[in-house]
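Enquirer: Note that UniProt numbering has the sequence shown beginning at 1, numbered continuously upward.
Even glycine gets a Cβ: it sits at the ideal position worked out from N, Cα and C.
All values reported here derive from a predicted model rather than from experimental measurement.
What follows is a single structure, and I will ask about it in a moment.
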Amino acid sequence: MLGTSNVKVSLTDGLLSLDADAAGKSYKLENMPLWAEIDSEGSKWFSNDRAVVITLKKKEEEWWDGLTKDKGLKRFIKVDFSKWCEEDDKEYTGEVAMGGGFDDMGGMGGMGGMDFSSMMGGMGGMGMGDAAGMPGADFDDEDDDEPLDDLEPKDLPPIGGEEDGPPPLEEVDQ
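Here it is as structure tokens:
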């Protein structure tokens, strides 16, 4: 939805309600029944001028066969597969980063406060400043523009015989 504005999302028990304006029209979804109950406090949503993104947190750690039990609503719901995570994946934490901010990415351990600028600064003594002395690093080679004649087929007749054109038209009796 382009031009999304005036977004209101309500998450209560096992129901989702959405009210928004987009492209000069008003859209309203009232009390869509979810597959099971959700944690309203743990669930999040945000919107920008292109989309409304809602991340639901389940109350119970059970498998959902879908977002809603009402199969008729499937055509109105779009899954963002870039955020998709199977529950049995080893990377699955149950947390999903939201939106343009990186403040929700605290669960990305393993970097240990690594300072990339100091790491890259230490590479100055490796002689990488001038790549011209390296084999294959001459990017302005004039010999690259030579034609590759050995790749062209030689002395082969044209496809379809000596004449390479469409077959003649036949007259049709009417």
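So, at 7 Å on beta carbons, what are the nonlocal neighbours of Asp-40 in its own chain, with the 5 sequence-adjacent residues on each side left out?
Expert: The count along the sequence shown starts at 1 and reaches residue 40 at position 40. One detail in the question is off: residue 40 reads as Ser in this sequence, not Asp. Excluding sequence neighbours, Ser-40 sits near Leu-11 and Thr-12.
Enquirer: Can you tell me whether Ser-47 is buried or exposed, with buried defined as 16 or more other CB within 10 angstroms of its CB?
Expert: By 1-based counting over the sequence shown, the position of residue 47 is 47. Ser-47 is buried by the Cβ-count criterion.
Enquirer: Starting from Val-7, trace the beta strand (DSSP E) in both directions and tell me its first and last residue.
Expert: Start at 1 with the first residue of the sequence shown, and residue 7 comes out as number 7. Element bounds for Val-7: 5-12.
Enquirer: Can you tell me which of Asp-173, Ser-17 and Pro-33 puts its alpha carbon nearest to the alpha carbon of Tyr-27?
Expert: Residue numbering aside, residue 27 sits at position 27 when the sequence shown is read from its first letter. Nearest option by C-alpha distance: Ser-17.
Enquirer: For Glu-30, collect the residues of the same chain with a Cβ closer than 7 Å to its Cβ; drop the 5 residues on either side in sequence, then sort them by chain order.
Expert: Numbered from its first residue, the sequence shown carries residue 30 at position 30. Correct list, in chain order: Ser-17.
Enquirer: Using alpha carbons as the reference points, say which of Glu-60, Leu-73, Arg-50 and Ala-22 lies closest to Gly-42.
Expert: As a first step, residue 42 must be located in the sequence shown, where it is residue number 42. Taking only the C-alpha atoms, the option nearest Gly-42 is Glu-60.
Enquirer: Quick check on the burial criterion: 16 or more other C-beta atoms within 10 angstroms. Buried or exposed for Leu-34?
Expert: To locate residue 34, count along the sequence shown from 1; it is residue 34. The residue is buried, with at least 16 neighbouring Cβ atoms inside 10 Å.
Enquirer: In three-state terms, what does DSSP make of Ser-40?
Expert: Residue mapping note: residue 40 aligns to position 40 of the sequence shown, counting from 1. Three-state DSSP puts Ser-40 in coil, outside helix and strand.
Enquirer: Given this structure, state the Cα-to-Cα distance separating Phe-81 from Ala-20, to the nearest angstrom.
Expert: What you label residue 81 is simply residue 81 of the sequence shown in a count that begins at 1. What you label residue 20 is simply residue 20 of the sequence shown in a count that begins at 1. Cα-Cα distance, rounded: 23 Å.
Enquirer: Note the first and the last residue of the continuous beta strand (DSSP E) segment covering Asn-31.
Expert: Here residue 31 refers to the residue found at position 31 of the sequence shown. 25-33 is the extent of the beta strand (DSSP E) around Asn-31.
Enquirer: Opposite Ser-47 in the DSSP bridges: which residues?
Expert: The residue you call residue 47 lines up with position 47 of the sequence shown. In the DSSP output, where bridge partners are listed per residue, Ser-47 has Val-52.
Enquirer: Tell me the DSSP secondary structure of Lys-58 in three-state form.
Expert: Indexing the sequence shown from 1 puts residue 58 at position 58. In the structure shown, Lys-58 sits in a strand (DSSP, three-state: E or B).
Enquirer: Buried or exposed: where does Ile-38 fall if 16 or more other Cβ atoms within 10 Å of its Cβ makes it buried?
Expert: Counting from 1 along the sequence shown, the entry for residue 38 is found at position 38. The residue is buried, with at least 16 neighbouring Cβ atoms inside 10 Å.
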